[in-house]
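Number of protein chains: 2
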Amino acid sequence: MPAKPNTPETPATSVTPNAADASPDSRRDELVSAAARLFRELGYERTTVRELAKAVGLQSGSLFHHFRNKEEILMAVMAQGIEAVIRLGNAAVARYTDPADRLAALFRSHMITLLEGVGHDAMIALLYEWRSLSPQGREQIVVLRDAYEALWQSVLDDAAQAGLVHGDTRILRRFILGGMNWTVQWFQPQSPNGQSAAELTERMLASVLPGLPSGAGLGQGDSR
Amino acid sequence: MPAKPNTPETPATSVTPNAADASPDSRRDELVSAAARLFRELGYERTTVRELAKAVGLQSGSLFHHFRNKEEILMAVMAQGIEAVIRLGNAAVARYTDPADRLAALFRSHMITLLEGVGHDAMIALLYEWRSLSPQGREQIVVLRDAYEALWQSVLDDAAQAGLVHGDTRILRRFILGGMNWTVQWFQPQSPNGQSAAELTERMLASVLPGLPSGAGLGQGDSR
DNA sequence: GTCTATAAATCGATAGAC
DNA sequence: GTCTATCGATTTATAGAC
Numbered sequence: 001m002p003a004k005p006n007t008p009e010t011p012a013t014s015v016t017p018n019a020a021d022a023s024p025d026s027r028r029d030e031l032v033s034a035a036a037r038l039f040r041e042l043g044y045e046r047t048t049v050r051e052l053a054k055a056v057g058l059q060s061g062s063l064f065h066h067f068r069n070k071e072e073i074l075m076a077v078m079a080q081g082i083e084a085v086i087r088l089g090n091a092a093v094a095r096y097t098d099p100a101d102r103l104a105a106l107f108r109s110h111m112i113t114l115l116e117g118v119g120h121d122a123m124i125a126l127l128y129e130w131r132s133l134s135p136q137g138r139e140q141i142v143v144l145r146d147a148y149e150a151l152w153q154s155v156l157d158d159a160a161q162a163g164l165v166h167g168d169t170r171i172l173r174r175f176i177l178g179g180m181n182w183t184v185q186w187f188q189p190q191s192p193n194g195q196s197a198a199e200l201t202e203r204m205l206a207s208v209l210p211g212l213p214s215g216a217g218l219g220q221g222d223s224r
Numbered sequence: 001m002p003a004k005p006n007t008p009e010t011p012a013t014s015v016t017p018n019a020a021d022a023s024p025d026s027r028r029d030e031l032v033s034a035a036a037r038l039f040r041e042l043g044y045e046r047t048t049v050r051e052l053a054k055a056v057g058l059q060s061g062s063l064f065h066h067f068r069n070k071e072e073i074l075m076a077v078m079a080q081g082i083e084a085v086i087r088l089g090n091a092a093v094a095r096y097t098d099p100a101d102r103l104a105a106l107f108r109s110h111m112i113t114l115l116e117g118v119g120h121d122a123m124i125a126l127l128y129e130w131r132s133l134s135p136q137g138r139e140q141i142v143v144l145r146d147a148y149e150a151l152w153q154s155v156l157d158d159a160a161q162a163g164l165v166h167g168d169t170r171i172l173r174r175f176i177l178g179g180m181n182w183t184v185q186w187f188q189p190q191s192p193n194g195q196s197a198a199e200l201t202e203r204m205l206a207s208v209l210p211g212l213p214s215g216a217g218l219g220q221g222d223s224r
């Protein structure tokens, strides 16, 4: 079955157009990337389909050959965001067996993906445009989000078992993810004499989860 | 100078109509409360002035006798939110002298204000509708927000001095506020067999900042 | 201070030529 | 697959009667 963009008789059972067939569909990918950036800068509601089309050199009407409607664009952006963070999170955790190493790696993976990863615009849209989804749209995205949170829960539970963290790990999971997700509200990557995403990540890790293996040669040690 | 709603020759120097004159202006207050609730439920962009007017029993045109434009309503909502949390935060801190007590009190004040306080709709709008403000609007709100964050910084610095917390207190401040602010993304107050805002607050405090004086007779002790 | 009525602009989405 | 052209609905905000 070749790639067939936006045929009305095909119900959108999957968010992504099917990873099995290797259809490049570069136009669609280009649109999703541009949409992610605009949604982060302006928000979903304030981004018009005209702006979106212009960003990739199209007329507004041509958008609807690739997507049925505006919400489907948001869905594609969000799916890209959550899939990126899941894939990188799994890879980060798989590199270690020690609970402390795994927790630190997952923490770093989340922060870097969120602050400067390839899908960081998409992930920010995922986090902050939740309300713009229809109930049907949420159903699809919530499945992916829950899978990612389950990964965190598992890593945190192992860390608690090892005595690395204390207290209710379900609450800790939500609090830690919240503290990280909130960084996009104030962190400015290219600010002069400001810190980089990697520096911030190491300092935050050392302050929030002390006792974990810290630093990848980033000049930590004292946090002054 | 009596209350004079929305006279064009009066530049809006203050966000609130001036607390000095005791003008009730109950209609305006009513509008701000209704707007806060709608902004939280639907978001600022998706809330129309028609819905807003209907919520207080007005026609849409009558709104603009009380507010110059839609953004001015958002500004009033945000100002109400930040002023409430500043007032309650200051009061909570003022009750104690011990750094541990002050930090715990400020934590509780923030959580309760955010989750079920009188201005919690307004505070949520403040946190999540930042992008809908014009640059001029942000300038006014950021002053109030910075005052509140300075209170947190001061309390956290005292706690660090006393050895209650460790690490970079500026990063800790942002992380803790982020973790708390994120709770509105998942906490559901009236969920059956769910926890109350007060229960969640105590469990979160115990898990996130262990070693602080915990519990106001809420049955804490073990977090099971 | 609230109403009715509507201006003026913009929105998402469609139709049909090429 | 992209274009031009536009529909129809909806938006914020205004004008003037009462």
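These protein sequence lines map, in sequence, to chains R and B.
Residue numbers for the first sequence follow the UniProt record's numbering, so the first one is 1 and each next one is one higher.
Residue numbers for the second sequence follow the UniProt record's numbering, so the first one is 1 and each next one is one higher.
Backbone N, C-alpha and C define an ideal beta-carbon position, used for all residues, glycine too.
* **Cβ-based contacts, 9 Å cut-off: residues of the region 192-213 of chain R near chain B** => 200, 203, 204, 206, 207, 208, 210
* Asked: If we ignore side chains and look at the alpha-carbon of each, how far apart do residue 175 of chain B and residue 192 of chain R end up?
  -> 22 Å
* Asked: Straight-line CA distance for residue 125 of chain R to residue 104 of chain R?
  -> 25 Å
* Asked: Thinking C-alpha only, which one of R:75, R:65, R:100, R:45 is nearest residue 32 of chain R?
  -> R:75
* Exposed unless 16 or more other CB atoms sit within 10 angstroms - verdict on residue 211 of chain R -> exposed
* Pick from R:78, R:128, R:92, R:108: whose alpha carbon is nearest that of residue 181 of chain B? -> R:128
* Does residue 45 of chain R come within less than 8 Å of chain B when only Cβ atoms are used? -> yes
* With 8 Å as the limit, tell me which residues of the region 172-188 of chain R have their beta carbon closer than that to any beta carbon of chain B; keep them in chain order. => 172, 174, 175, 176, 177, 178, 179, 180, 181, 182, 183, 185, 186
* Taking Cβ-Cβ distances shorter than 8 Å, what residues in chain R pair up with residue 131 of chain B? -> 42, 43, 46
* Measure the C-alpha to C-alpha separation of residue 205 of chain B and residue 42 of chain R and round it to an integer number of angstroms. => 35 Å
* **Cβ shell of residue 121 of chain B (< 6 Å), same chain only, five flanking positions each side left out** => 36, 37, 40
* Rounded straight-line distance, which links the Cα of residue 202 of chain B to that of residue 214 of chain B -> 7 Å
* **Residues from the region 103-130 of chain R in contact with chain B, defined by Cβ distance under 8 Å** => 128, 130
* Which residues, taken in chain order from the region 141-170 of chain R, show a beta carbon closer than 7 Å to some beta carbon of chain B? -> 166, 167, 168
* Could you pull out every residue in the same chain whose Cβ sits closer than 6 Å to the Cβ of residue 144 of chain R, ignoring the five residues on either side in sequence? => 82
* Give the straight-line distance between the Cα atoms of residue 177 of chain B and residue 96 of chain R, rounded to the nearest whole angstrom. => 31 Å
* For chain B, is any of its Cβ atoms less than 8 Å away from the one on residue 217 of chain R? -> Reliability of the predicted coordinates at residue 217 of chain R is poor, the pLDDT of 46 falling under 50, and the value obtained from them is presented with this limitation in mind. For residue 217 of chain R, the answer is no, since every Cβ of chain B falls outside 8 Å of its Cβ.
* Using DSSP with H/G/I as helix, E/B as strand and the rest coil, what is residue 207 of chain B? -> helix
* Asked: Nearest-angstrom Cα distance between residue 153 of chain B and residue 68 of chain B?
  -> 36 Å
* Assign residue 189 of chain R to one of two classes, buried (16 or more other C-beta atoms within 10 Å of its C-beta) or exposed (fewer than that). => exposed
* Nonlocal neighbours in the same chain, by C-beta distance under 6 Å from residue 119 of chain B, ignoring five residues either side -> 80, 81, 84
* **residue 158 of chain R, buried or exposed, once every other Cβ within 10 Å from all chains shown has been counted against 16** => buried
* **Own chain, CB closer than 6 Å to residue 141 of chain B, minus 5 neighbours either side, in chain order** => 78
* Can you list, in chain order, the residues of its chain whose CB lies under 6 Å from that of residue 151 of chain R, leaving out five sequence neighbours each side? -> 89
* Asked: Can you give the Cα-Cα distance for residue 147 of chain R and residue 116 of chain R, rounded to whole angstroms?
  -> 22 Å
* If you check the beta carbons only, do residue 155 of chain R and residue 179 of chain R fall under 8 Å apart? -> no
* Buried or exposed by the 16-neighbour rule on C-beta atoms within 10 Å, applied to residue 113 of chain B -> buried
* Does the beta-carbon of residue 102 of chain B have 16 or more other beta-carbons within 10 angstroms, so that it is buried, or is it exposed? -> buried
* **Helix, strand or coil at residue 122 of chain B according to DSSP, with G and I counted as helix** => helix
* **Collapsed DSSP secondary structure at residue 186 of chain R in the structure displayed** => coil
* To do: Please report how far the alpha carbon of residue 59 of chain B lies from the alpha carbon of residue 86 of chain R, in whole angstroms.
  => 48 Å
* **8 Å Cβ cutoff met for residue 106 of chain B and residue 91 of chain B** => no
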